[in-house]
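Listed below in structure tokens is the structure:
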């Protein structure tokens, strides 16, 4: 029965992804003026013939619905067109940069959850204590700080002044690493490259903290909130009356129920992670998808921007799917 | 038993509005009392107002040109650091422009974008939400599907995508932010409207022959306003941060108009020797957003303790 | 009579509040004998549930418990939390009022019952997975046994079911199963039937009676329904504003109620045969932070005398013609009222 639900969610995801693609398709039509013109950077010394050729390459001479159909069919085949500035297929460029972005997102997520869970639980158990108040104040700060500024602040403190951590990049420029999966941490583990492991981890710290701070703040608050409610519930009363230890009561009986609304919120935070990802990559010079997009925007490389935005959205949809499935496992009332 | 005619038993509009005024006054007094219990939130509100006033009277409280500077004055430190002066209280940037002045003028941009985008999002979202929530059926389905689709995009990605194609500028920024911004309001309004629709007074109003629009606007809407108001306050902070992020990337407000985000970006190249260029504008953002969030929290506590979860 | 299995001596539970100290339980003395069913009766807020929670030491800070709770010769109020945990659920079990909210919605019912067994080491064996698989099997068998005993049909299928998939009566039976799993000597039942339909109520009451008879489990039943107590209990203690105002054998209290509050409660029970009009007790339960001086029931008492507001009455034995009349079980019927003190008022006939 659970399998049916999972398949159901998968099927629903397809029209959503199609819809996403359609919206992104219409993005390009937003540009005031001729897209090809803009891509060429108006006033470029390009012949009219060249422009015509480009126009037909981008199918701009065909009627709108035909363009859309071609666009979607190509997409289904994995073809997102060619990057204008780099003369290579967009899909390829994105695939090259994707592991870096995912590594950063995962790092941020792990950091965020590792921080949020203890804080959320302890704050709830010791409500109104100093720990609680400080944690909630910190959480408030966390959601009020723009990620780009936090990143710069951290660089200022840890890289410039204390010189503990590196400023930019993903790995030391003097370190050699053979990449297998594209995930530097994983690759250094797989190849037994200790120097690379240390270097890649050191480079991962500040960006992950920057990106994960907002997530940690929000998840901590939600977790605390639901824990408070669960700790006041009748079944916690029963657990204590049964003789369950205080630790088990909190960690097993209360937490299990508090996770249910929390997981939903974590799912929403993935969107924040993906969005903020662009900013953090720009701040830390992280060679991922975000950097690619920002460069592409300034270079007016529309196909690349289109492709990247779609990939981000698809990732978000996929992540929400995972969260949904997780939710059905956690909440016994959602079983068919 | 005496019989009554219809015109005697249904209270007149004057009476009804008299009751409503007294109820409102009661609520307002209670609100005032509640406000006293949340000193931190009130402090947040005061800071917010301070920012707004500073933005409005920017010319009066600054003495330098926000967009033009002299290279003689480049990268001067703030007043409390060695080498600084009170003429440039927060220091200067790489082009010799006074940071304090730019920050104050930058408040105009941030507040304008934040408030305007949230206001438009709210109006559009609540209108659509009320429509969808009250009417249900195909309209609801259509709009909800579209909203779901928009929600498949992370907010910043969508905004960046739109800005990439629209091009930078104030109007485009507002457009990009509201295009996705209305969805949250829509969902809240729709959910609340559906819940309200099951309440008895709606049925009663319908039975007495009230026109549907009067019911929605006159009766139901006021009841869902508190939660909408809370969401509005919280979203302003979010929009301000988003605008700053876009400006940071160079996709938002263009130079030389001062915008906090682009100011932080400008300072990146000078982190080693002039940390204040990036730090000061950032502090301004944090101050404003923190104040807004604190105020919004308190508001939420007072108006709707149900809304404890984000 | 044998020795009491549980004895409350001067049990007092106090909660400090902004408006002063609230004595939810005020100098309560109770004795429970093996195999007995004692009823604690009173309206909401009179402290009867708090008595049960105080017995198991489940009062959260800043509440304080003073007095003695003697169980098997040990004073439970002096035990550490760890030692108390060994008593809770095992020697003294508690069941609560609303089964749907008391059962943990995230875990299957069978697992929740099994938890008691594992917690108190009822079927010893290794503790860690996967070494404990045979122990789990034995525990599961015992759980099925208990489920059957409390009357849950098809226990094998229901073992893995979740609480929300059970009906109200089934849920309450599950709660009772949790309570019974470790064969406790005492069962504390806090309004177990209040949330249920009348027909299910009867079933649950019959179940508890059967448990009492077959296992010799002593029961303290807390309820606001005097009729239920009359039908089910051996002894009744009536509470008001944290104090016991009348106590005795069920025959004594029901047939010869002495305290005006008890009399009032009896009048509240609709009599299907006589069809007389209901006579509610005027007024409402007092705010424990602002108790009237003297007798707490005074403001609502039809027999109020000015002296009632001045004095604090102790529990006195009920006398008939100057003779203390004891029940055949040896119990003494006592009540806390002006009527029973030396100042006897001439009655109007």
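Chains as they are written, first to last, in the working numbering: chain A, 2 to 337; chain B, 83 to 392; chain C, 2 to 350. For glycine and all other residues, C-beta sits at the position ideal for the given N, C-alpha and C.
Judging by CA-CA distance, which residue of A/273, A/308, A/289, A/69 is the nearest neighbour of residue 217 of chain A? As a working note, residue 217 of chain A is residue 216 in the first chain. Selected option, being the one with the closest Cα: A/273.
Decide if residue 286 of chain A is buried, meaning its Cβ has at least 16 other Cβ atoms within 10 Å, or exposed. The residue given as residue 286 of chain A occupies position 285 in the first chain. When all chains shown are included, residue 286 of chain A counts as exposed.
Suppose you measure from the CA of residue 53 of chain C to the CA of residue 160 of chain C; what does that come to, to the nearest Å? Indexing the third chain from 1 puts residue 53 of chain C at position 52. Indexing the third chain from 1 puts residue 160 of chain C at position 159. Near 29 Å, if we compare the C-alpha coordinates of residue 160 of chain C and residue 53 of chain C.
Per DSSP, what kind of secondary structure is residue 208 of chain B in: helix, strand or coil? The residue you call residue 208 of chain B lines up with position 126 of the second chain. Correct three-state label for residue 208 of chain B: helix.
At the 8 Å Cβ level, is residue 87 of chain C part of the contact set with chain A, yes or no? Here residue 87 of chain C refers to the residue found at position 86 when the third chain is read from its first residue. For residue 87 of chain C, the answer is yes, since a Cβ of chain A falls inside 8 Å of its Cβ.
Curious, which full-length alpha helix (DSSP H) runs of at least 4 residues does the segment 264-293 of chain B contain? 282-289
Buried or exposed: which applies to residue 111 of chain A, given that a residue is buried once 16 or more other Cβ atoms fall within 10 Å of its Cβ? Position 110 of the first chain, counting from 1, holds the residue named residue 111 of chain A. Per the 10 Å Cβ criterion, exposed.
Within 10 Å of its beta-carbon, does residue 244 of chain C have 16 or more other beta-carbons around it, so buried, or fewer, so exposed? Against the third chain, residue 244 of chain C aligns to sequence position 243. Its Cβ being crowded by 16 or more others within 10 Å, residue 244 of chain C is buried.
Would a check of beta-carbon distances place residue 327 of chain B closer than 8 Å to chain A? In the second chain, counting from the first residue as 1, residue 327 of chain B sits at position 245. Chain A, which has a Cβ nearer than 8 Å to the Cβ of residue 327 of chain B, makes this yes.
Please compile the residues from chain C whose C-beta is within a distance smaller than 7 Å of the C-beta of residue 245 of chain A. On the first chain, residue 245 of chain A is found 244 positions in, with the first residue counted as 1. What residue 245 of chain A touches in chain C: 120.
Identify the continuous alpha helix (DSSP H) that holds residue 352 of chain B and give its terminal residues. Numbered from 1 along the second chain, position 270 holds the residue referred to as residue 352 of chain B. Premise fails: residue 352 of chain B is in no alpha helix (DSSP H) and is neither H nor E.
What residues in the segment 230-258 of chain A bring their beta carbon closer than 8 Å to a beta carbon of chain C? 234, 235, 236, 238, 239, 240, 241, 242, 243, 244, 245, 246, 247, 254, 257, 258
Under a Cβ-count criterion, where at least 16 other Cβ atoms within 10 Å of its own Cβ denotes burial, should residue 248 of chain A be classed as buried or exposed? Against the first chain, residue 248 of chain A aligns to sequence position 247. Residue 248 of chain A is exposed by the Cβ-count criterion.
Less than 8 Å separating the beta-carbons of residue 185 of chain B and residue 366 of chain B? Residue mapping note: residue 185 of chain B aligns to position 103 of the second chain, counting from 1. Residue mapping note: residue 366 of chain B aligns to position 284 of the second chain, counting from 1. Yes; because the gap between Cβ atoms is below 8 Å, this pair is in contact.
Tell me the rounded alpha-carbon separation between residue 322 of chain B and residue 345 of chain B. On the second chain, position 240 is the one that residue 322 of chain B refers to. On the second chain, position 263 is the one that residue 345 of chain B refers to. Spanning the two alpha carbons is a distance of roughly 14 Å.
Please list the residues of the segment 306-335 of chain A that have a C-beta atom closer than 9 Å to any C-beta atom in chain C, keeping them in chain order. 331, 332, 333, 334
Note the first and the last residue of the continuous alpha helix (DSSP H) segment covering residue 69 of chain C. Residue mapping note: residue 69 of chain C aligns to position 68 of the third chain, counting from 1. Segment 65-72 is the beta strand (DSSP E) holding residue 69 of chain C; no alpha helix (DSSP H) there.
Taking buried to mean at least 16 other C-beta atoms within 10 Å of its own C-beta, is residue 111 of chain C buried or exposed? Your numbering for residue 111 of chain C matches position 110 in the third chain. Flag for residue 111 of chain C reads buried.
To which residues does DSSP link residue 219 of chain C through a beta bridge? As a first step, residue 219 of chain C is located in the third chain; it is residue number 218 there, counting from the start. C/187, per the DSSP bridge assignment.
Which residue's Cα is closest to the Cα of residue 81 of chain A: A/326, A/325, A/303? As a first step, residue 81 of chain A is located in the first chain; it is residue number 80 there, counting from the start. Residue A/303 is the option with its Cα nearest to residue 81 of chain A.
What is the C-beta distance between residue 235 of chain A and residue 103 of chain C, in whole angstroms, given that I count them as a contact (C-beta under 8 Å)? Position 234 of the first chain, counted from the first residue, corresponds to residue 235 of chain A. Position 102 of the third chain, counted from the first residue, corresponds to residue 103 of chain C. Sure, about 4 Å apart at Cβ, within 8 Å.
Just the C-alpha distance for residue 86 of chain A and residue 52 of chain A, rounded to the nearest angstrom, thanks. Within the first chain, residue 86 of chain A is the residue found at index 85, counting from 1. Within the first chain, residue 52 of chain A is the residue found at index 51, counting from 1. Spanning the two alpha carbons is a distance of roughly 15 Å.
Do residue 10 of chain C and residue 68 of chain C have their C-beta atoms closer together than 8 Å? Along the third chain, one-based indexing puts residue 10 of chain C at 9. Along the third chain, one-based indexing puts residue 68 of chain C at 67. Yes. Within cutoff.
Buried or exposed by the 16-neighbour rule on C-beta atoms within 10 Å, applied to residue 379 of chain B: Numbered from 1 along the second chain, position 297 holds the residue referred to as residue 379 of chain B. That one is buried.
So, is the C-beta of residue 141 of chain C closer than 8 Å to a C-beta in chain A? Mapped onto the third chain, residue 141 of chain C falls at position 140. Answer no: the Cβ-Cβ gap between residue 141 of chain C and chain A never drops below 8 Å.
Which residues mark the beginning and the end of the alpha helix (DSSP H) in which residue 150 of chain C is found? Sequence index remark: in the third chain, residue 150 of chain C carries index 149 (1-based). Its alpha helix (DSSP H) spans residues 134-150.
Counting only beta-carbon separations shorter than 8 Å, does residue 103 of chain C have a partner in chain A? Numbered from its first residue, the third chain carries residue 103 of chain C at position 102. Cβ-Cβ to chain A under 8 Å: yes for residue 103 of chain C.
Using CA atoms only, rank isn't needed, just tell me which of B/293, B/308, B/324, B/313 is closest to residue 266 of chain B. To locate residue 266 of chain B, count along the second chain from 1; it is residue 184. Among B/293, B/308, B/324, B/313, the Cα nearest to that of residue 266 of chain B is on B/313.
Close beta carbons around residue 174 of chain C, own chain, < 6 Å, minus the five adjacent residues each side: On the third chain, position 173 is the one that residue 174 of chain C refers to. So the list reads 151, 152, 153, once near-sequence residues are dropped.
Could you tell me whether the Cβ of residue 408 of chain B comes closer than 8 Å to any Cβ of chain A? Here chain B covers residues 83 to 392 and nothing more, so residue 408 of chain B does not appear.
So, for residue 72 of chain A: in the same chain, excluding its five sequence neighbours on each side, which residues have a beta-carbon less than 6 Å away from its beta-carbon? In the first chain, counting from the first residue as 1, residue 72 of chain A sits at position 71. The residues are 26.
Under 8 Å between C-beta atoms, does residue 262 of chain C make it to chain A? On the third chain, position 261 is the one that residue 262 of chain C refers to. Residue 262 of chain C does not count as touching chain A.
Measuring CB to CB, does residue 23 of chain A end up less than 8 Å from residue 76 of chain A? Along the first chain, one-based indexing puts residue 23 of chain A at 22. Along the first chain, one-based indexing puts residue 76 of chain A at 75. Contact: no.
Quick check on residue 287 of chain A - is its C-beta less than 8 Å from some C-beta in chain B? For the purposes of this step, residue 287 of chain A is taken as residue 286 along the first chain, with counting starting at 1. Output row for residue 287 of chain A: interface = no.
Taking Cβ positions only, does residue 111 of chain A come closer than 8 Å to chain B? Indexing the first chain from 1 puts residue 111 of chain A at position 110. Judged by the 8 Å Cβ criterion, residue 111 of chain A is not in contact with chain B.
Compute the Euclidean distance between the alpha carbons of residue 170 of chain A and residue 185 of chain A, then round it to the nearest angstrom. On the first chain, residue 170 of chain A is found 169 positions in, with the first residue counted as 1. On the first chain, residue 185 of chain A is found 184 positions in, with the first residue counted as 1. Near 12 Å, if we compare the C-alpha coordinates of residue 185 of chain A and residue 170 of chain A.
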